[in-house]
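Trainee: These protein sequences, in sequence, are chains A and B. Using this note's numbering, you'd call the opening residue of the first sequence number 1 and step up by one each time. Using this note's numbering, you'd call the opening residue of the second sequence number 487 and step up by one each time. Structure below; questions to follow.
There are 2 protein chains.
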Amino acid sequence: MDSLQPVLAVLARVLMGFSVAFLVPLLWSLWAGEGGHARVWAAGFGATLVAGWGLGWLLRHHSREMQPRDGFLLVTLVWVALPACAAVPLMWTVPGIEWADAYFEAMSALTATGATALAGLDRLPLSVNIWRCFLQFIGGLGIILLVVAVLPLLGLGGMQLYRAETPGPLKDDKLTPRIAETARGLWTVYFALSALCLVSYRAAGMGWPDAFMYMCTTMGLGGFSPHDASFAQFDSPVIEAVAIVFMTLAGVSFLRYFAVWRGRSTRVLVRDPEVQAYAFVLLASVFAISFVLHAHGVYDSFAASLRAAAFHVVSLGTTTGYAATDYAAWPPFAPVLMIFLGCFASCAGSTGGGIKMVRMVLLLKQAQRELVRIIHPRVVNPVTLGGATVPATVLAAVLAFMLIYGASIIGLTLVMLLSGLDLVTAFSAVIVCVNNIGPGLGLVGPVSNFGVLNDFQLWVLSFAMLLGRLELLSVLVLFTARFWRK
Amino acid sequence: MDSLQPVLAVLARVLMGFSVAFLVPLLWSLWAGEGGHARVWAAGFGATLVAGWGLGWLLRHHSREMQPRDGFLLVTLVWVALPACAAVPLMWTVPGIEWADAYFEAMSALTATGATALAGLDRLPLSVNIWRCFLQFIGGLGIILLVVAVLPLLGLGGMQLYRAETPGPLKDDKLTPRIAETARGLWTVYFALSALCLVSYRAAGMGWPDAFMYMCTTMGLGGFSPHDASFAQFDSPVIEAVAIVFMTLAGVSFLRYFAVWRGRSTRVLVRDPEVQAYAFVLLASVFAISFVLHAHGVYDSFAASLRAAAFHVVSLGTTTGYAATDYAAWPPFAPVLMIFLGCFASCAGSTGGGIKMVRMVLLLKQAQRELVRIIHPRVVNPVTLGGATVPATVLAAVLAFMLIYGASIIGLTLVMLLSGLDLVTAFSAVIVCVNNIGPGLGLVGPVSNFGVLNDFQLWVLSFAMLLGRLELLSVLVLFTARFWRK
Ligand SMILES: [K+]
Ligand SMILES: [K+]
């Protein structure tokens with residue numbers, strides 16, 4: 001227990017910080033005149049603040065400093081504890097909800113997965129939808145901090161690359177010597193883009209509440225919607241265009257924007273191999289799916305096919321998960337390709353989930369190198385990224401990541417099958433949860449919701465979302481005996 | 487064209503050797519009194535012999551020696567040309583067959599995949615079924631030569647490990663200094679085990695023709711059957727037990743048996759980490775699936791569940807693909823786990839397909855090492871196998887193999903989806919073809935056959951079988967511009 005003290009002390013401070021988040025739905029409920037619900041948010045604020053303060057007070061005499069290793073325990077504890085705090089108000093405000101659904105919903109929000117267990121979103125109080133969506137905004141903030149500032153320090157799954165090799169502000173030790181400063185810079189970019197997104201949604205025709213909620217779930221690449229119909233609610237090409245632009249922007253590492261801003265040059269952005277690959281696969285997929293939709297006569301015109309393809313490819317490819325139509329009813333090539341894109345297209349350091357494009361670029365380069373090596377066994381051709389040689393340890397870390405990624409998906413799919421689901425539902429539910437995409441196929445398709453699953457299945461998928469969001473290794477390391485040894 | 491000469495010269499000799507194979511169905515057709523068909527096999531023998539001899543005669547003045555690089559072209563050409571030769575007699579003997587089906591069937595036979603495009607197997611002439619099954623025996627011989635003797639020399643996908651690191655006869659240069667000698671030793675083991683298998687099937691109650699055909703498809707881990715009902719034809723626990731024993735034996739590297747025989751000790755077999763992992767996953771899966779079958783009341787007794795689980799787990803896990811019942815109708819956990827096993831359980835140097843257990847062992851060790859490294863960043867813990875350190879280049883090669891494996895499966899699945907199949911059929915068909923397993927799920931399940939697919943889909947899957955059998959890289963390297971450069 002003694003060794004948990006420094007971790008719990010930081011957790012206490014995180015809880016106190018998180019309590020402020022309850023003020024957002026509180027203010028909206030007052031604005032909307034939902035007097036009864038305001039008390040719930042006020043209670044949530046008070047309880048979380050007191051819990052954090054109390055935990056901190058209990059641990060006020062702790063002596064040991066945080067070690068890097070404690071970071072794994074901390075991030076997992078944070079992403080397990082905050083959904084619990086966030087789920088409590090749902091129990092009081094959503095009619096007939098059970099704890100497994102409420103926790104799933106809160107985990108889905110804070111991991112920016114966007115898989116909802118709730119039906120009848122339009123009938124929920126405004127402040128509840130505000131809460132669901134705002135949690136995704138916080139999740140986005142958290143993941144930027146995690147992926148850009150914490151994971152590289154822990155040297156995780158090839159992400160040590162982001163500490164040493166990547167051109168960008170992290171490389172320059174003087175520019176941002178400490179995690180806090182880096183985080184502040186990135187959050188500034190995140191808030192600036194969010195403000196732009198909010199205003200754009202408003203200008204495109206949304207009311208302020210919708211504009212605020214969609215801004216939250218766009219920037220966090222979360223994909224929650226306050227409407228059951230999601231974007232079909234508006235049926236507006238302009239609103240969809242705004243969503244496409246900001247989803248695409250949020251799928252790029254915020255480090256790049258920070259670097260552009262500091263350097264007053266877009267060179268670091270447009271020359272980045274990860275960004276180039278990201279733009280290429282999204283564009284190529286939009287065209288491929290447009291042609292398939294057109295060839296199958298799903299829409300009357302090619303323009304309509306292009307509009308639908310662009311929106312859904314970007315939505316699923318960036319792991320947002322918005323739907324404007326039941327794309328699961330499209331020729332199966334389209335939804336499968338889009339969900340597959342979601343597994344890897346987002347850039348590391350964005351708010352997206354999945355394998356991350358930088359790892360895929362490394363894998364492709366390594367495969368290419370291997371094809372050269374078997375033709376010319378004596379040629380020395382190290383894998384490079386942005387001009388720098390990628391160390392063998394990074395490739396080995398990516399290999400480990402990929403195995404654990406594949407094993408997690410297959411293992412969790414088998415568990416879901418054992419629980420009685422069909423193959424398409426089980427496999428797609430695990431894929432969309434581990435990659436933090438959102439809606440799946442089969443029983444959990446875009447016009448359904450995860451509320452059809454039983455409690456056991458929801459708990460498994462809550463774990464899958466946590467696992468994916470924290471890049472797998474940082475959670476799984478806690479299950480090794482070695483981690484807990486002195 | 488000049489540079490193709492040495493490759494074609496070897497291909498000519500391979501064709502001449504392969505022509506002898508036609509004598510096997512010829513003899514059986516004479517034995518069975520199928521006079522009309524005997525002429526077909528005689529013609530096949532003559533035509534293949536003349537084609538090989540003619541090609542050799544044309545190239546009798548070629549000067550350049552084979553380079554290692556030519557090996558890739560050779561193995562691909564062999565596995566493209568032999569199915570073409572083998573398919574021709576099917577056109578004359580199977581009523582109503584089309585070329586795409588005949589080539590698919592022959593490719594499925596020679597790659598020991600065992601996915602059949604034919605219905606009404608029981609009504610086919612005996613010599614046709616003999617031919618289908620005997621091709622799988624030849625395919626097994628070929629793959630042992632390929633994986634054990636050729637691919638390591640080409641340094642492919644981590645298989646260079648088998649040249650230097652593995653304890654076994656290949657390590658001792660004096661014991662088997664040349665490919666031909668190694669191959670001879672391994673083929674001796676293969677023939678000896680086959681003879682034992684033949685006698686066992688006969689003793690278990692099969693007639694000689696069935697015993698011969700099932701011996702061929704068991705030892706080659708091919709899975710073709712001369713009966714539509716496959717093993718349900720016999721409904722005999724003893725016959726199933728014989729199949730289980732010899733499938734399990736054929737799923738282990740023949741190098742190990744050779745080493746056991748030379749060393750007069752089973753130590754090299756039972757201490758081999760690959761063999762241990764192979765035995766473990768098969769046993770664990772048999773018990774897991776027995777319990778699931780029993781829990782779902784699929785069979786009346788636990789013994790019946792155990793019998794069905796043992797037969798089908800070994801059949802699919804070793805990539806044989808025999809069926810004794812419609813296991814696709816079991817709770818989906820069971821068929822999915824069994825097909826998943828088929829993707830990796832077989833040992834390298836066996837006649838099985840898939841990723842191979844040795845690669846999976848390396849991946850697991852690398853993942854374990856990574857989990858240690860992120861806890862103790864300064865600990866040096868190289869990946870070892872059988873006591874020797876695995877070089878980083880081998881791990882990098884495995885990484886490339888895994889990416890290309892994954893990309894091939896996803897890419898081919900998308901192509902199959904585009905052609906109009908449903909997700910389960912498309913995905914499972916690609917999985918079972920790339921891994922040379924046999925029957926899939928959905929439209930191509932164990933009680934159906936691949937004849938339901940259209941020509942385009944059969945050609946794609948023929949390519950998938952080729953790709954998987956030749957360990958992907960050796961085929962794909964031919965599609966690189968660099969390969970064809972001087
Ligand atoms: K999402
Ligand atoms: K097979």
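Glycine included, every Cβ here is placed at the ideal spot set by N, Cα and C.
Among residues of its own chain, excluding the 5 on either side of residue 724(B), which ones have a beta-carbon nearer than 7 Å to its beta-carbon?
Mentor: Once the five neighbours on either side are set aside, the close Cβ partners of residue 724(B) are 690 and 691.
Trainee: For ligand 1, list every residue whose C-beta falls under 7 Å from any of its heavy atoms, going in chain order.
Mentor: Checking every Cβ against the heavy atoms of ligand 1 under 7 Å gives 112(A), 113(A), 114(A), 221(A), 222(A), 223(A), 319(A), 320(A), 321(A), 353(A), 436(A), 437(A) and 438(A).
Trainee: Residues of chain B with a CB under 7 Å from the CB of residue 332(A): which are they?
Mentor: Result: 903, 908 and 909.
Trainee: Are the C-beta of residue 969(B) and some C-beta of chain C separated by less than 9 Å?
Mentor: This model lacks chain C altogether; the protein chains it does include are A and B.
Trainee: Is residue 852(B) close to chain A? Criterion is C-beta to C-beta, closer than 9 Å.
Mentor: Interface residue, yes.
Trainee: Beta-carbon within less than 6 Å of residue 496(B)'s beta-carbon, same chain only, minus the 5 sequence neighbours each way: which residues are those?
Mentor: Within the same chain, residue 496(B) has close Cβ partners 560.
Trainee: Can you tell me which of the three DSSP states residue 603(B) falls into?
Mentor: DSSP places residue 603(B) in coil when its eight states are reduced to three.
Trainee: Between residue 395(A) and chain B, is there a C-beta pair that is closer than 9 Å?
Mentor: By this cut-off, residue 395(A) is an interface position.
Trainee: In the DSSP output, what is residue 388(A) paired with across the bridge?
Mentor: Answer is 385(A), bridged to residue 388(A).
Trainee: Assign residue 940(B) to one of two classes, buried (16 or more other C-beta atoms within 10 Å of its C-beta) or exposed (fewer than that).
Mentor: That one is exposed.
Trainee: Can you tell me which of the three DSSP states residue 577(B) falls into?
Mentor: Residue 577(B) falls in the helix class under three-state DSSP.
Trainee: Given that a residue counts as buried once 16 or more other Cβ atoms are within 10 Å of its Cβ, and exposed if not, what is residue 852(B)?
Mentor: Residue 852(B) should be labelled buried.
Trainee: Is the CB of residue 29(A) under 9 Å away from at least one CB in chain B?
Mentor: It does not; no Cβ of chain B falls within 9 Å.
Trainee: Output needed for residue 588(B): all residues of its chain with C-beta closer than 6 Å, excluding positions within five of it in sequence on either side, in chain order.
Mentor: For residue 588(B), where only same-chain residues beyond five positions count, the Cβ hits under 6 Å are 573, 576 and 577.
Trainee: Can you name the residues of chain A whose CB is closer than 8 Å to the CB of residue 822(B)?
Mentor: By Cβ distance, chain A contributes 413, 414, 417 and 423.
Trainee: Please list, in chain order, the chain A residues whose beta carbon lies closer than 9 Å to that of residue 878(B).
Mentor: By Cβ distance, chain A contributes 392, 393, 395 and 396.
Trainee: Ignore the nearest five residues each way along the sequence and tell me which others in residue 955(B)'s own chain have a CB closer than 6 Å to its CB.
Mentor: Around residue 955(B): 597 and 922.
Trainee: Which two residues bound the contiguous alpha helix (DSSP H) that contains residue 787(B)?
Mentor: Note, residue 787(B): premise wrong, no alpha helix (DSSP H); not H, not E.
Trainee: Under 7 Å between beta-carbons, which chain A residues line up against residue 591(B)? List them in chain order, please.
Mentor: Within 7 Å Cβ-Cβ: nothing; residue 591(B) doesn't reach chain A, min ~27 Å.
Trainee: I want to verify the contact list: residues of chain B whose CB lies under 7 Å from the CB of residue 402(A), in sequence order.
Mentor: Here the neighbours are 888.
Trainee: Can you list, in chain order, the residues of its chain with a C-beta nearer than 7 Å to that of residue 899(B)? Leave out the 5 residues immediately preceding and following it.
Mentor: The residues are 912, 913 and 916.
Trainee: Short of 6 Å in beta carbon distance, which residues of its chain neighbour residue 195(A), apart from the five on each side in sequence? Order them along the chain.
Mentor: Around residue 195(A): no qualifying Cβ.
Trainee: Would you mind reading off the limits of the alpha helix (DSSP H) that contains residue 584(B)?
Mentor: Run containing residue 584(B): none; DSSP gives neither H nor E here.
Trainee: Where does residue 256(A) sit, in a helix, a strand or coil, going by DSSP?
Mentor: Note: residue 256(A) maps to helix in three-state DSSP.
Trainee: Among 843(B), 844(B) and 963(B), whose alpha-carbon lies nearest the alpha-carbon of residue 890(B)?
Mentor: Among 843(B), 844(B) and 963(B), the Cα nearest to that of residue 890(B) belongs to 963(B).
Trainee: State the Cα-Cα distance for the pair residue 801(B) and residue 742(B), rounded to the nearest angstrom.
Mentor: When rounded, the distance between both Cα atoms is 21 Å.
Trainee: Could you please give the first and the last residue of the uninterrupted alpha helix (DSSP H) stretch that includes residue 531(B)?
Mentor: Residue 531(B) -> alpha helix (DSSP H) spans 521–544.
Trainee: Excluding the 5 residues preceding and the 5 following residue 814(B) in the sequence, name in chain order all residues of the same chain whose CB lies nearer than 6 Å to its CB.
Mentor: The answer, listed in chain order, is 821, 927, 931 and 932.
Trainee: Would the region 701–718 of chain B and the region 615–631 of chain B be scored as touching if the rule is three or more Cβ pairs under 8 Å?
Mentor: Yes, the region 701–718 of chain B touches the region 615–631 of chain B.
Trainee: Quick one: grab the DSSP three-state call for residue 61(A).
Mentor: In this structure, residue 61(A) counts as coil in the three-state DSSP scheme.
Trainee: Per DSSP, what kind of secondary structure is residue 107(A) in: helix, strand or coil?
Mentor: In the structure shown, residue 107(A) sits in a helix (DSSP, three-state: H, G or I).
Trainee: Does residue 125(A) come out as helix, strand or coil in the three-state DSSP assignment?
Mentor: Of the three classes helix, strand and coil, the one that applies to residue 125(A) here is coil, per DSSP.
Trainee: Let's test the definition: count the other Cβ atoms within 10 Å of the Cβ of residue 65(A) and tell me whether it reaches 16, buried, or not, exposed.
Mentor: Counting Cβ neighbours within 10 Å, residue 65(A) comes out exposed, since fewer than 16 surround it.
Trainee: Note down, in chain order, every chain A residue with its Cβ under 7 Å from the Cβ of residue 966(B).
Mentor: Ordered by position in chain A, the residues that pass the 7 Å Cβ test against residue 966(B) are 371.
Trainee: Taking 9 Å as the threshold (C-beta atoms), are residue 894(B) and residue 953(B) in contact?
Mentor: Contact flag set, yes.
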